[in-house]
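If you're matching positions, the sequence shown starts at 1 in our numbering and goes up one per residue.
Following: one structure in structure tokens, then a few remarks.
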Amino acid sequence: SHHSHSGDYILHAKDHLDDIVKEAIARGFKSYCLTEHIPRNNLADLYPEEKHLQISDLESNFDKFYHHARHLQSQYADQITLLVGCETDYIRQDFKSLIANLRSKYNFDMFVGSVHHVKEVPIDFDVPTWELAMRKCGAGTPRDLYAAYFDEQYDMIVDLKPPVVGHFDLIRLFSVEDSETNISQWPEVLERVERNLDFIIGYGGLIELNSAAIRKGWSEPYPRADICKIVLEKGGEFCLSDDSHGIAQIGLNFHKALKQIEKLGITELSYIDLENGG
Numbered sequence: 001s002h003h004s005h006s007g008d009y010i011l012h013a014k015d016h017l018d019d020i021v022k023e024a025i026a027r028g029f030k031s032y033c034l035t036e037h038i039p040r041n042n043l044a045d046l047y048p049e050e051k052h053l054q055i056s057d058l059e060s061n062f063d064k065f066y067h068h069a070r071h072l073q074s075q076y077a078d079q080i081t082l083l084v085g086c087e088t089d090y091i092r093q094d095f096k097s098l099i100a101n102l103r104s105k106y107n108f109d110m111f112v113g114s115v116h117h118v119k120e121v122p123i124d125f126d127v128p129t130w131e132l133a134m135r136k137c138g139a140g141t142p143r144d145l146y147a148a149y150f151d152e153q154y155d156m157i158v159d160l161k162p163p164v165v166g167h168f169d170l171i172r173l174f175s176v177e178d179s180e181t182n183i184s185q186w187p188e189v190l191e192r193v194e195r196n197l198d199f200i201i202g203y204g205g206l207i208e209l210n211s212a213a214i215r216k217g218w219s220e221p222y223p224r225a226d227i228c229k230i231v232l233e234k235g236g237e238f239c240l241s242d243d244s245h246g247i248a249q250i251g252l253n254f255h256k257a258l259k260q261i262e263k264l265g266i267t268e269l270s271y272i273d274l275e276n277g278g
């Protein structure tokens, strides 16, 4: 798995990082990425459960995560390959310099590039906030929101070139569409999806098949089948992630994700190899 969190370092996850690693070993993982959220740089970006914190708290917490993860990487090296990284946000374009500073301070093995906000509003927190983000986009329709999301994602991938692109179509989480809705019905959105995928494939990034979508009510991982088919047509590469936020979610719904992989005709999954650097 290329994407995980623990309750030691973020408030919306559970369980200790040590126990996360032990459980990954117990469940037979050979490789597991530890990718805590980066510290944000503006108090306005804090979630409700974080309102008592300061930016310095987030920075200190992340520093503790990094060194803790490196210790575990060494401690369990004979049992599992742990990769130490982070999951980015990209709320504003000043995150480019924020992330550059983090990457110069910490020698990450990899990182996941994600977008969780549109117009600085969270789009995966709850339906009212998703709708607030939508109202800030163009005519306030889902089409406008999707277009804005993929534009912000494009800025992120161009600026960061993340090795793994997290939950590519997270914007669809709270949409009223069902799995039969094809993104090609919205040409201006499809155009942006294809542009983003072309760029990711061009620099060698991996598209994450993220099984967390299934525990959140979907029948398939992120991204939905319509986007996966475009990735396949373009010759892109996929990797697998559980995006776990606690022991109970390690490898959760991988069996369902694998069924989708077989259904789509995906014959290869890629992974980041610590020893070979890719």
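From the three backbone atoms N, C-alpha and C, an ideal C-beta is built for every residue, glycine too.
Rounded C-alpha distance that separates residue i from residue j
i      : j      : result
Lys105 : Ile261 : 37 Å
Ala212 : Lys14  : 15 Å
Arg195 : Tyr66  : 34 Å
Ala148 : Val118 : 7 Å
Asn41  : Glu120 : 13 Å
Leu83  : Leu145 : 34 Å
Lys30  : Thr141 : 44 Å
Asp45  : Ala100 : 19 Å
Leu197 : Trp186 : 17 Å
His167 : Gly7   : 21 Å
Arg70  : Gln79  : 15 Å
Ala248 : His2   : 17 Å
Phe199 : Lys64  : 34 Å
Asn253 : Cys239 : 15 Å
Asn61  : His5   : 13 Å
Arg27  : Leu98  : 35 Å
Ala139 : Ile123 : 17 Å
Ile91  : Glu233 : 30 Å
Asp57  : Lys96  : 21 Å
Asp243 : Ile38  : 15 Å
Glu49  : Leu173 : 21 Å
Gln75  : Asn182 : 46 Å
Glu188 : Cys137 : 14 Å
Gly217 : Arg224 : 13 Å
Tyr32  : His68  : 15 Å
Arg143 : Leu132 : 14 Å
Val127 : Glu59  : 29 Å
Thr267 : Glu237 : 10 Å
Nearest neighbour of residue i, chosen from the options [CA to CA]
i      : options                        : result
Ser241 : Phe65, Leu269, Gly235, Gly217  : Leu269
Val193 : Gly246, Asp155, Phe174         : Asp155
Ile201 : Ile183, Val164, Phe174, Ile171 : Val164
Arg103 : Ser114, Gly85, Ile91           : Gly85
Lys22  : Gln73, Gly205, Ile91, Ser184   : Gln73
Asp94  : Leu160, Lys136, Ala133         : Leu160
Leu17  : Gly246, Arg92, Asp151          : Gly246
Ala171 : Ile207, Cys239, Phe254, Met134 : Contrary to the premise, residue 171 reads as Ile rather than Ala in this sequence. Considering only alpha carbons, the answer is Met134.
Ile207 : Lys96, Glu188, Ala26, Asp169   : Asp169
Leu190 : Tyr203, Phe174, Val176, Asp151 : Asp151
Gly113 : Ile157, Gly235, Tyr76, Ala77   : Ile157
Gly279 : Leu264, Lys216, Gly235         : Outside the modelled stretch of the chain, which goes from 1 to 278, sits residue 279, for which no answer is possible.
Supposed contact pair residue j and residue i - C-beta distance, whole angstroms, cut 8 Å
i      : j      : result
Asp89  : His52  : About 20 Å; that fails the 8 Å criterion.
Ile20  : Ile250 : 7 Å
Glu87  : Thr129 : In fact, because the Cβ distance is near 19 Å, the residues do not count as touching under 8 Å.
Ile230 : Lys256 : Ile230 to Lys256, Cβ: 21 Å. No contact.
Leu274 : Thr81  : 5 Å
Pro162 : Phe111 : 6 Å
Phe125 : Tyr222 : Phe125 to Tyr222, Cβ: 16 Å. No contact.
Ser184 : Asp226 : 7 Å
Leu258 : Cys228 : The Cβ separation is near 13 Å, so there is no contact.
Leu43  : Ile55  : 7 Å
One or two residues paired with residue i in a DSSP bridge
i      : result
Gly7   : Paired residues: none, contrary to the question.
Val112 : Glu87, Val164
Tyr32  : Leu82
Glu237 : Leu206
His37  : Glu87
Tyr222 : Asn210
Only counting runs of 3 or more residues, tell me where the beta strand (DSSP E) segments fall wholly within the segment 116-170, in order along the chain.
-> none
Segments assigned alpha helix (DSSP H), at least 4 residues, entirely inside the segment 172-214 | 187-203
In chain order, which beta strand (DSSP E) runs of at least 3 residues are fully inside the segment 235-273?
-> 237-241
Entirely within the segment 39-82 and at least 3 residues each: give me those beta strand (DSSP E) ranges in chain order.
-> none
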